[in-house]
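Trainee:
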Amino acid sequence: MIFQNIAAGFRKIKGFRFNFGANRNRDWRVLVALFVVLNLLNVGWGLYGFWRVYSGQVFETKDAPAIESAETINAEVLESTLEMFNQRKLRLLDAGGKKYYSDPAV
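If you use the working numbering, the sequence shown corresponds to residues 59 to 164, in order.
#1: Cutting at 7 Å between CB atoms, please list the residues of its own chain near V111, excluding the five before and the five after it.
#2: Measure the Cβ-Cβ separation of A91 and F78 and say whether it is below 8 Å.
#3: Tell me the rounded alpha-carbon separation between F108 and Q145.
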């Protein structure tokens, strides 16, 4: 029903050269051909983008200087974090499988 209204709307346009809706077979051929052409254009655009990236025209990393880390790892903070997790592990092992904490996911 809605497609018939759309086709009727196209027929009202003056000078509409394809006379959409008059011949179903031709309409389907036009739609399929348009679909194929648009998909070929899309694939071509993707291949063009791939070629540009592969050839180094988009992302050039060969001559780029290496970025040095602004922050270094603080060994004391790392050790305290590891110790905290080791203590938590020991508490959970000592609990023997009993839950003494609430699971936030439940």
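Ideal Cβ placement from N, Cα and C applies to all residues, glycine included. Computed from a predicted model, the values in this text were never measured in an experiment.
Mentor: A quick look at the data gives this:
#1: F117
#2: no
#3: 51 Å
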